[in-house]
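Below is one structure, written out as structure tokens; comments come after it.
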Amino acid sequence: MLVFLVSPFPPRPARVRASARCTGARTRALLGVALAALMTIAQPLPGRAEKLTADVATTLEKGYGRLVLTFRDRNLIPPYSVKQNNGVVVLEFSDEVGIDVDQLAARLAPYVTVARRDPEGKSVRIALARQVRVNTMEAGEKLFVDFLPAKWTGAPPPLPPEVIDALAKRAEAAMRAARDAEFAKSGIHMQPKLDFRVGRLPTFTRFAFGWNLPFDAAFSRDGDRVTLRFNRSAPIDFAPIDVEPVAGLVDVFADPAPEGLKIVFTVAPGTDVRGFRERDGYVVDVLHATDAASAGEAMTRQALGDPASGRGRLIVSAGEVAPAAAKPVEKPATPAPAAAP
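With numbering that gives the first Met the number 0, letter number 187 in the sequence shown gets 186, and the count goes up by one each step, no holes.
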């Protein structure tokens, strides 16, 4: 039988955070950028107690149990502390939190026997069913509490991939907002302008997109559709492509919107396309793999001889099958002259 002793909590610092070990340099970098960018807008008003509400989610992962608290209408979790003593884990928050932990023991039965809120509403007490090591991680408005076996070895479990992706997008949005704020602070208001140029080379055609302002871009491909998205929007003229079509490019159209410009390329099947940033612009290359192979094949044929002249074909284009080598035709042996009688 477990007996809980309720005692007043001792004074604690204004902000105490349990250490969160996140595996991978990328995860730590995303957390740092997102937390720093969102810190100012997530602070409560001075002298006013917040009414916090947290949603509870639990999962039984391979070898450990996970509790996830998601705080509504917040960008960051409130200050909290984690204490573990005599088989009891106490989560204490800076303000009262509306949270339902009645089903916690049933959902995490291998690790939890009883869970309840303290009367003042700032703490959650969890009685453990076994010896565990508690690990916490913060991701925006989410608090991850992992119950690891006492003999757990190696790094703690990482954040879910979808949470890391959400942090990355949030960090990018915060960086864009900070950049726009710097422009606004300087008093300079510039209208986005896009300089579109086409460069043609024997092996590929290059589309160059140059902006007069800092920008973000996303490049993706789905089958024969290649999509390029900018967070800036400006008119674009595809006249150079209309006048002289590009090999391998079936169609291209632009969809300008206040939130950004989307450009969709439709390419011929098997056409390779690459996209990357270059200085203050973005570059998209449509490769002419077939044309380049044909040109190289023709040059090699000229050097080695044409198959029609009787020589074997040594260069095989992509997708073709090398012909079987012709067997040499043997000359019939000349009969020896008959011996004189």
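Ideal Cβ placement from N, Cα and C applies to all residues, glycine included.
Remember, it's a predicted structure, so these values are computed and weren't measured experimentally.
Start and end residues, beta strand (DSSP E) containing residue i
i    : result
L248 : L248 to A256
P239 : Here P239 belongs to no beta strand (DSSP E); instead the alpha helix (DSSP H) covers A238 to V242.
D117 : Careful: D117 lies outside any beta strand (DSSP E) and carries neither H nor E.
I163 : Segment P160 to S185 is the alpha helix (DSSP H) holding I163; no beta strand (DSSP E) there.
L260 : G259 to V266
L193 : L193 to R199
Bridge partners - residue i, DSSP secondary structure assignment
i    : result
Q83  : V88
M136 : F143
T57  : L66
P148 : V131
V282 : A207 and F275
I125 : V88 and A114
D94  : In the DSSP output, where bridge partners are listed per residue, D94 has none listed.
L227 : F218 and I262
L51  : V96
Expected contact under 8 angstroms - CB spacing of residue i and residue j to nearest Å
i    : j    : result
L142 : S122 : Going by Cβ atoms, the distance from L142 to S122 rounds to 14 angstroms, so no, they are not a contact pair.
T52  : L66  : With a Cβ gap of about 16 angstroms, T52 and L66 do not count as contacting.
R231 : G259 : 6 angstroms
L200 : A216 : So it is not a contact: roughly 22 angstroms between Cβ atoms.
G64  : L107 : 5 angstroms
V285 : F203 : 6 angstroms
Where residue i falls, given that 16 or more other Cβ within 10 Å makes a residue buried
i    : result
G269 : exposed
G311 : Below a pLDDT of 50, predicted positions are generally treated as unreliable, and G311, at 29, falls in that range; the measurement from the model is reported next regardless. Its Cβ having fewer than 16 others within 10 Å, G311 is exposed.
H287 : buried
A297 : Residue placement at A297 is flagged as unreliable, the pLDDT there being 44, under the threshold of 50; a coordinate-derived value is accordingly withheld.
P118 : exposed
M189 : exposed
V242 : exposed
A138 : buried
G247 : buried
C-alpha gap between residue i and residue j, whole angstroms
i    : j    : result
N134 : K261 : 42 angstroms
E60  : A128 : 17 angstroms
Y79  : G97  : 14 angstroms
R224 : A233 : 22 angstroms
A177 : R196 : 30 angstroms
R175 : G120 : 38 angstroms
V87  : V144 : 14 angstroms
V55  : P77  : 15 angstroms
V131 : K168 : 34 angstroms
N84  : R71  : 29 angstroms
Y281 : F229 : 10 angstroms
T265 : P239 : 17 angstroms
D250 : V162 : 36 angstroms
P257 : P191 : 11 angstroms
P156 : M136 : 10 angstroms
Limits of the alpha helix (DSSP H) - the one that residue i falls within
i    : result
S219 : Not the alpha helix (DSSP H): S219 falls in the beta strand (DSSP E), residues A216 to D221.
L75  : No alpha helix (DSSP H) contains L75, which DSSP labels as neither H nor E.
L103 : L103 to R106
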